[in-house]
Amino acid sequence: MPRRIAFINEKGGSGKTTLVAHLGYHFAAERGLRTLVIDMDPQGQLGKTLGIDVHAATRSSLDLLLDATLSQGSAAAALDEPCDRLPRLATRIPGLDIIVSNKSLALFPAWRGSDPETDPSGLLAARLASAPELEAYDFVLFDAPPSFGPLTLNVLRASSEVLVPVPLTYLALDGCAELMRTLDTLRRRHPEARLPVSLVVPTFYRRTRMAREILESLERRFPSELSKNVVGFTVKIDEAQSRGLTIFETAPRNKCAHTLAAIGDELLQRGGAPQPEVNRSDATP
Ligand SMILES: Nc1ncnc2c1ncn2[C@@H]1O[C@H](COP(=O)(O)OP(=O)(O)OP(=O)(O)O)[C@@H](O)[C@H]1O
Ligand SMILES: [Mg+2]
Numbered sequence: 001m002p003r004r005i006a007f008i009n010e011k012g013g014s015g016k017t018t019l020v021a022h023l024g025y026h027f028a029a030e031r032g033l034r035t036l037v038i039d040m041d042p043q044g045q046l047g048k049t050l051g052i053d054v055h056a057a058t059r060s061s062l063d064l065l066l067d068a069t070l071s072q073g074s075a076a077a078a079l080d081e082p083c084d085r086l087p088r089l090a091t092r093i094p095g096l097d098i099i100v101s102n103k104s105l106a107l108f109p110a111w112r113g114s115d116p117e118t119d120p121s122g123l124l125a126a127r128l129a130s131a132p133e134l135e136a137y138d139f140v141l142f143d144a145p146p147s148f149g150p151l152t153l154n155v156l157r158a159s160s161e162v163l164v165p166v167p168l169t170y171l172a173l174d175g176c177a178e179l180m181r182t183l184d185t186l187r188r189r190h191p192e193a194r195l196p197v198s199l200v201v202p203t204f205y206r207r208t209r210m211a212r213e214i215l216e217s218l219e220r221r222f223p224s225e226l227s228k229n230v231v232g233f234t235v236k237i238d239e240a241q242s243r244g245l246t247i248f249e250t251a252p253r254n255k256c257a258h259t260l261a262a263i264g265d266e267l268l269q270r271g272g273a274p275q276p277e278v279n280r281s282d283a284t285p
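For the sequence shown, counting from 1, position 97 maps to 97 in this note's numbering; every step adds exactly one.
1. Suppose the cutoff is 8 Å on Cβ atoms and the five residues either side in sequence are ignored; what does the same chain contact list for LEU186 look like?
2. Just to check, is the beta-carbon of LYS16 closer than 7 Å to a non-hydrogen atom of ligand 1?
3. Taking 8 Å as the threshold (C-beta atoms), are HIS22 and LYS246 in contact?
4. Is the CB-CB distance between LEU171 and TYR205 below 8 Å?
5. Only counting the same chain, and skipping five residues up and downstream in sequence, which positions put a Cβ closer than 8 Å to that of GLU219?
6. Need the endpoints of the beta strand (DSSP E) that GLU213 sits in, please.
7. Compute the Euclidean distance between the alpha carbons of VAL200 and LEU107, then round it to the nearest angstrom.
8. Residue ranges of each beta strand (DSSP E) run of no fewer than 3 residues wholly in the segment 133-191, ordered along the chain?
9. Considering only the beta carbon of each residue, do LEU64 and PRO87 sit closer than 8 Å?
10. With DSSP as the reference, identify every bridge partner of THR35, one or two as the case may be.
11. Say whether the segment 171-180 touches the segment 18-32, bearing in mind that this needs 3 or more beta-carbon pairs closer than 8 Å, one atom from each stretch.
12. Would you be able to state if there are at least three C-beta pairs under 8 Å between the segment 126-143 and the segment 32-43?
13. Got a sec: does ligand 2 put a non-hydrogen atom nearer than 7 Å to the Cβ of ASP41?
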């Protein structure tokens, strides 16, 4: 199975979608790693930021959950036959595929069938575990929704690790503590879900005293998980996304482009080789 990483923070607008799109691009286009990004947020923004017309897509991440529901107890499942092909699309970036979402994903709780024996939080994990196509990938990156609920639980149970973007605001720190409690509860209920936090990524850094204090709190709380790279605030991100592109394509020399690539490489290193010393180079964007 590929490394499967949940990009998660219950705080809205923390940089989840931006990180999934940019790390997906970096892995595929610049590191030659086969990567599948899966949008599990009904807002459907991951596809849009990568230039996909999500409304024209005939299949979406909802189908992952529905396929899993429908195959439970079916003859195919009993024979251990693989399910249908994944509802993925190729992006314009070689090596980067996507499973898009749209508003219909918000109806998932209503769709999940009436079998009381079915645990709806394990559907995505079950569906991906029965998909031989997944073996072709080095990475699966999940873009999680901001609000906690069945979709987030599905993402976590299908993931092998977690990346937490934290915008440098006071309320986000609070949200981060809440998220750690959620992870603890999930690990207790589902011991097979180890869910190590691979990386905590500070985002939206601005040169203020408050931002520095929050960064220091994060350093104390996550001494080994905190990224050595801090994503600064730049309008270039919004500009790129409004054109369905990444900052790597529209402003490759921008400091934020270098930082996002460095975060991708940090994540690669944390999967195997020991950590090299990297300076917190973008802390003054
Ligand atoms: N480093 C940055 N500097 C400035 N703007 C940014 C940066 N990163 C992301 N943005 C912008 O901030 C907004 C929120 O980012 P993003 O969509 O990645 O967050 P999110 O956590 O996925 O949000 P949601 O919880 O709603 O899904 C977007 O409009 C994005 O273009
Ligand atoms: Mg998002």
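Beta carbons: idealized from backbone N, C-alpha and C, even for Gly. Computed from a predicted model, the values in this text were never measured in an experiment.
Once the coordinates are examined:
1. Here residue 186 is taken as the residue at index 186 of the sequence shown, counted from 1. Same-chain partners within the cutoff: LEU153, LEU156, ARG157, ALA193, LEU195.
2. Taking the first residue of the sequence shown as 1, we reach residue 16 at position 16. Yes, ligand 1 has a heavy atom inside 7 Å of this Cβ.
3. In the sequence shown, counting from the first residue as 1, residue 246 sits at position 246. In the sequence shown, counting from the first residue as 1, residue 22 sits at position 22. Here residue 246 turns out to be Thr, not Lys, going by the sequence shown. Yes, these two residues count as a Cβ contact at 8 Å.
4. Against the sequence shown, residue 171 aligns to sequence position 171. Against the sequence shown, residue 205 aligns to sequence position 205. No, they are not a contact pair.
5. Translated into positions along the sequence shown, residue 219 becomes position 219. Correct list, in chain order: LEU226.
6. Translated into positions along the sequence shown, residue 213 becomes position 213. Here GLU213 belongs to no beta strand (DSSP E); instead the alpha helix (DSSP H) covers 209-221.
7. On the sequence shown, residue 200 is found 200 positions in, with the first residue counted as 1. On the sequence shown, residue 107 is found 107 positions in, with the first residue counted as 1. Whole-angstrom Cα-Cα distance: 30 Å.
8. 139-143, 161-167
9. Along the sequence shown, one-based indexing puts residue 64 at 64. Along the sequence shown, one-based indexing puts residue 87 at 87. Result yes, Cβ atoms of LEU64 and PRO87 sit closer than 8 Å.
10. The residue given as residue 35 occupies position 35 in the sequence shown. LEU96, PHE139.
11. no
12. yes
13. Here residue 41 refers to the residue found at position 41 of the sequence shown. Yes, ligand 2 has a heavy atom inside 7 Å of this Cβ.
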